[in-house]
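Enquirer: Sharing a structure, written as structure tokens. Questions coming.
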Amino acid sequence: MRYVILRDDDTNAFTPVKCLERLYRPFLERGLPINLATIPEVATDTRVQGGELEGYLLPQRTGPKGQTQQSALFTQSEYGSERAELEAGPRFGTEHGPGTSRTVLADRQISRVTDGPNAKVVPIGSNPQLVSYLHNNPGYHIIQHGLHHNWLEFDRVPAIEVEGRLDRGTELLQEAGFQKPQTFVAPYDKLSRSSFAALAKRFRIISTGWYELKRLPASWWPKYFARKIRGRAHWQSGDTLLLSHPGCLLSCFRSYDRMFDIIQRQIESRTLTVLVTHWWEYFREGRANERFIGILHETAEYLASERGIRVISFSELAKMGLPR
Ligand SMILES: [Zn+2]
Numbered sequence: 025m026r027y028v029i030l031r032d033d034d035t036n037a038f039t040p041v042k043c044l045e046r047l048y049r050p051f052l053e054r055g056l057p058i059n060l061a062t063i064p065e066v067a068t069d070t071r072v073q074g075g076e077l078e079g080y081l082l083p084q085r086t087g088p089k090g091q092t093q094q095s096a097l098f099t100q101s102e103y104g105s106e107r108a109e110l111e112a113g114p115r116f117g118t119e120h121g122p123g124t125s126r127t128v129l130a131d132r133q134i135s136r137v138t139d140g141p142n143a144k145v146v147p148i149g150s151n152p153q154l155v156s157y158l159h160n161n162p163g164y165h166i167i168q169h170g171l172h173h174n175w176l177e178f179d180r181v182p183a184i185e186v187e188g189r190l191d192r193g194t195e196l197l198q199e200a201g202f203q204k205p206q207t208f209v210a211p212y213d214k215l216s217r218s219s220f221a222a223l224a225k226r227f228r229i230i231s232t233g234w235y236e237l238k239r240l241p242a243s244w245w246p247k248y249f250a251r252k253i254r255g256r257a258h259w260q261s262g263d264t265l266l267l268s269h270p271g272c273l274l275s276c277f278r279s280y281d282r283m284f285d286i287i288q289r290q291i292e293s294r295t296l297t298v299l300v301t302h303w304w305e306y307f308r309e310g311r312a313n314e315r316f317i318g319i320l321h322e323t324a325e326y327l328a329s330e331r332g333i334r335v336i337s338f339s340e341l342a343k344m345g346l347p348r
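And the structure:
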């Protein structure tokens with residue numbers, strides 16, 4: 025039997041329900057679980073190298089002449105009102121100081137440091153439409169994706185802040201009614217040594233790209249070498265399952281011509297494959313990318329029809345352990 029875990033990263037308070045619905049209805053209808061790596065409290069001004077706003081903060085895009093582009097999928101007024109409601113609604117507000125952002129959540133205040141002077145953070149629970157959609161579709165499994173998803177968040181965060189950030193993220197997901205997550209996905213798949221150590225105390229599964237010796241706690245090194253010698257993609261240290269993935273195979277930055285073949289070949293080459301994608305990559309420039317969505321849906325059909333393949337959630341893997 026070959027196992028496949030579908031991991032979609034970057035769901036956050038600004039994720040439009042219609043994007044997830046468009047992408048994943050064919051999976052949900054076939055009983056294929058989708059693991060959403062969810063940002064508990066997204067920072068609204070995270071930028072990628074080069075200065076562009078992160079793709080998951082869709083669809084606010086500045087055009088080449090500085091104007092905000094209208095999109096076919098989200099009209100400016102539709103998005104604008106949703107965003108304004110989230111940022112200034114009765115359940116949420118921000119005050120700013122240099123390098124800090126004070127979030128007022130319902131009746132209590134939490135101070136936190138975020139990346140820039142204009143940084144704001146928005147908790148997942150402030151989008152009731154998204155939260156109830158996720159609750160109403162039990163095929164979605166919510167796993168934790170950082171806290172704010174700042175640039176290289178759990179690689180750059182000072183060791184002293186790691187545990188607080190992890191716990192706060194978990195708390196916010198639970199406040200939104202989701203189960204305590206057992207799986208953690210690091211923003212940008214990057215973790216410092218202190219982050220690894222803190223994660224192992226809290227999560228059963230870490231899902232990332234690959235593992236570098238210098239970033240791992242020294243007590244994990246013997247297992248790391250044993251896994252290297254055996255050529256295993258996934259390994260275990262203590263109770264923690266350490267999963268790697270073969271890159272983001274479902275990505276708009278790759279060639280569409282061979283995408284489906286490569287996915288098939290990767291799944292056939294190992295017992296357990298973590299397939300990673302990002303919902304927002306299917307809707308860049310505010311328009312649905314029909315060709316890319318077609319490949320995703322072709323993948324759903326393939327996974328459902330192959331008798332030797334079982335699609336599982338991370339929580340199912342936590343129960344059964346790593347397959348041999
Ligand atoms: Zn991410």
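In short: position in the sequence shown from 1, add 24, done, that's the numbering used here. For glycine and all other residues, C-beta sits at the position ideal for the given N, C-alpha and C.
1) For residue 144 and residue 253, what's the separation of their Cα atoms in angstroms?
2) Compute the distance between the beta-carbons of residue 154 and residue 64, then report whether it is under 9 Å.
3) Less than 9 Å between the beta carbons of residue 169 and residue 70, yes or no?
4) Beta carbon of residue 190, beta carbon of residue 223: below 9 Å?
5) Can you tell me whether residue 258 is buried or exposed? The criterion is at least 16 other CB atoms within 10 Å of its CB, across all chains shown.
6) Are three or more beta carbon pairs between the region 28 to 46 and the region 175 to 183 nearer than 8 Å?
7) On the DSSP bridge assignment, give the partners of residue 67 in chain order.
8) For ligand 1, is there any heavy atom lying closer than 8 Å to the beta carbon of residue 211?
9) Rounding to the nearest angstrom, what Cα-Cα distance links residue 150 and residue 236 in this structure?
10) When you measure from the CB of residue 201 to every non-hydrogen atom of ligand 1, does any distance come out below 8 Å?
11) Can you give me the Cβ contacts of residue 297 inside the same chain, cut-off strictly under 6 Å, excluding the 5 residues immediately before and after it?
12) Looking only at its chain, what residues have a beta carbon closer than 8 Å to the beta carbon of residue 227, apart from the 5 residues adjacent to it on each side?
13) If the criterion is Cβ atoms closer than 9 Å, does the pair residue 79 and residue 314 meet it?
14) Could you pull the DSSP bridge partners for residue 31 from this structure?
15) Using only the heavy atoms of ligand 1, determine whether one of them is closer than 8 Å to the beta carbon of residue 173.
16) Look at the Cβ atom of residue 61, then the Cβ atom of residue 231, and state whether they are nearer than 9 Å.
17) Any heavy atom of ligand 1 closer than 8 Å to the beta-carbon of residue 281?
18) How many Å lie between residue 295 and residue 174 at the Cα?
19) Quick one: is the Cβ of residue 80 within less than 8 Å of any heavy atom of ligand 1?
20) What are the boundary residues of the beta strand (DSSP E) that includes residue 334?
21) Using a threshold of 9 Å, state whether the C-beta atoms of residue 327 and residue 274 are closer than that.
22) With a floor of 4 residues, list each alpha helix (DSSP H) that falls wholly inside the region 156 to 221, ordered by position along the chain.
23) Measuring alpha carbon to alpha carbon, tell me which residue in 32, 30, 58 is nearest residue 163.
24) Measure the Cβ-Cβ separation of residue 66 and residue 166 and say whether it is below 9 Å.
25) Return the chain-ordered ranges of every beta strand (DSSP E) run that is complete within the region 239 to 316 and spans a minimum of 3 residues.
26) Taking the alpha-carbon positions, what's the residue 193 to residue 49 distance?
27) Go ahead and pull the three-state DSSP assignment for residue 226.
28) Exposed or buried, which one is residue 177 when buried takes at least 16 other CB atoms within 10 Å?
29) Is residue 34 near ligand 1, judged by its Cβ being under 8 Å from some heavy atom?
30) Return the first residue and the last residue of the alpha helix (DSSP H) that residue 50 is part of.
31) Between the C-alpha atoms of residue 268 and residue 156, what's the straight-line distance to the nearest angstrom?
32) Decide if residue 135 is buried, meaning its Cβ has at least 16 other Cβ atoms within 10 Å, or exposed.
33) I'd like to check one pair, residue 82 with residue 307: are the Cβ atoms closer than 9 Å?
34) Once the 5 residues before and after residue 110 are set aside, which same chain residues still bring their CB inside 8 Å of it?
Expert: Short version:
1) The count along the sequence shown starts at 1 and reaches residue 144 at position 120. The count along the sequence shown starts at 1 and reaches residue 253 at position 229. Near 45 Å, if we compare the C-alpha coordinates of residue 253 and residue 144.
2) The residue labelled residue 154 in the question sits at position 130 within the sequence shown. The residue labelled residue 64 in the question sits at position 40 within the sequence shown. The answer is no: Cβ separation not under 9 Å.
3) Position 145 of the sequence shown, counting from 1, holds the residue named residue 169. Position 46 of the sequence shown, counting from 1, holds the residue named residue 70. Not closer than 9 Å, so no.
4) Residue numbering aside, residue 190 sits at position 166 when the sequence shown is read from its first letter. Residue numbering aside, residue 223 sits at position 199 when the sequence shown is read from its first letter. In contact: residue 190 and residue 223 (Cβ atoms closer than 9 Å).
5) Locating residue 258 in the sequence shown gives position 234, counting from the first residue. Under this definition residue 258 is a buried residue.
6) no
7) The sequence position of residue 67 within the sequence shown is 43, counting from 1. DSSP lists 145 as partners of residue 67.
8) By 1-based counting over the sequence shown, the position of residue 211 is 187. Correct: residue 211 has its Cβ closer than 8 Å to ligand 1.
9) Start at 1 with the first residue of the sequence shown, and residue 150 comes out as number 126. Start at 1 with the first residue of the sequence shown, and residue 236 comes out as number 212. Rounded to the nearest angstrom, the two C-alpha atoms are 37 Å apart.
10) For the purposes of this step, residue 201 is taken as the residue at position 177 of the sequence shown. Result no, Cβ not under 8 Å from ligand 1.
11) As a working note, residue 297 is residue 273 in the sequence shown. So the qualifying residues of the chain are 28, 290, 291.
12) Residue mapping note: residue 227 aligns to position 203 of the sequence shown, counting from 1. Cβ neighbours of residue 227 beyond the five flanking positions: 168, 205, 206, 207, 208, 264.
13) Along the sequence shown, one-based indexing puts residue 79 at 55. Along the sequence shown, one-based indexing puts residue 314 at 290. Contact annotation: residue 79 and residue 314 have beta-carbon atoms that are not nearer than 9 Å.
14) Residue numbering aside, residue 31 sits at position 7 when the sequence shown is read from its first letter. Residue 31 is bridged to 59, 300.
15) Position 149 of the sequence shown, counted from the start, is the residue given in the question as residue 173. The answer is yes for residue 173.
16) The residue labelled residue 61 in the question sits at position 37 within the sequence shown. The residue labelled residue 231 in the question sits at position 207 within the sequence shown. Yes, the pair counts as a contact, with Cβ atoms nearer than the cut-off.
17) In the sequence shown, residue 281 corresponds to position 257, counting from 1. No; taking the cut-off as 8 Å, the Cβ of residue 281 has no heavy atom of ligand 1 nearer than that.
18) Against the sequence shown, residue 295 aligns to sequence position 271. Against the sequence shown, residue 174 aligns to sequence position 150. When rounded, the distance between both Cα atoms is 33 Å.
19) As a position in the sequence shown, residue 80 is number 56, starting the count at 1. Yes - ligand 1 has a heavy atom lying nearer than 8 Å to the Cβ of residue 80.
20) In the sequence shown, the residue the question calls residue 334 occupies position 310. 333 to 335 is the span of the beta strand (DSSP E), which, as asked, contains residue 334.
21) Within the sequence shown, the letter at position 303 stands for residue 327. Within the sequence shown, the letter at position 250 stands for residue 274. For residue 327 and residue 274, no; Cβs fall outside 9 Å.
22) 177 to 180, 183 to 199
23) As a first step, residue 163 is located in the sequence shown; it is residue number 139 there, counting from the start. Here the closest residue by C-alpha is 58.
24) For the purposes of this step, residue 66 is taken as the residue at position 42 of the sequence shown. For the purposes of this step, residue 166 is taken as the residue at position 142 of the sequence shown. Contact flag unset, no.
25) 259 to 261, 264 to 267, 296 to 302
26) Against the sequence shown, residue 193 aligns to sequence position 169. Against the sequence shown, residue 49 aligns to sequence position 25. Approximately 27 Å, taken between the alpha carbons.
27) Residue numbering aside, residue 226 sits at position 202 when the sequence shown is read from its first letter. Helix at residue 226.
28) Here residue 177 refers to the residue found at position 153 of the sequence shown. With 16 or more other Cβ atoms inside 10 Å of its own Cβ, residue 177 counts as buried.
29) As a position in the sequence shown, residue 34 is number 10, starting the count at 1. Yes, since a heavy atom of ligand 1 falls inside the 8 Å radius drawn around the Cβ of residue 34.
30) Numbered from 1 along the sequence shown, position 26 holds the residue referred to as residue 50. 41 to 53 is the extent of the alpha helix (DSSP H) around residue 50.
31) What you label residue 268 is simply residue 244 of the sequence shown in a count that begins at 1. What you label residue 156 is simply residue 132 of the sequence shown in a count that begins at 1. Cα-Cα distance, rounded: 31 Å.
32) Here residue 135 corresponds to residue number 111 of the sequence shown, with the count starting at 1. Its pLDDT being 34, under 50, residue 135 is placed unreliably by the model, and nothing is read from it.
33) Numbered from its first residue, the sequence shown carries residue 307 at position 283. Numbered from its first residue, the sequence shown carries residue 82 at position 58. Result yes, Cβ atoms of residue 307 and residue 82 sit closer than 9 Å.
34) Residue numbering aside, residue 110 sits at position 86 when the sequence shown is read from its first letter. Only weak support exists for where residue 110 lies, its pLDDT of 49 falling under 50; the coordinates are left without a value.
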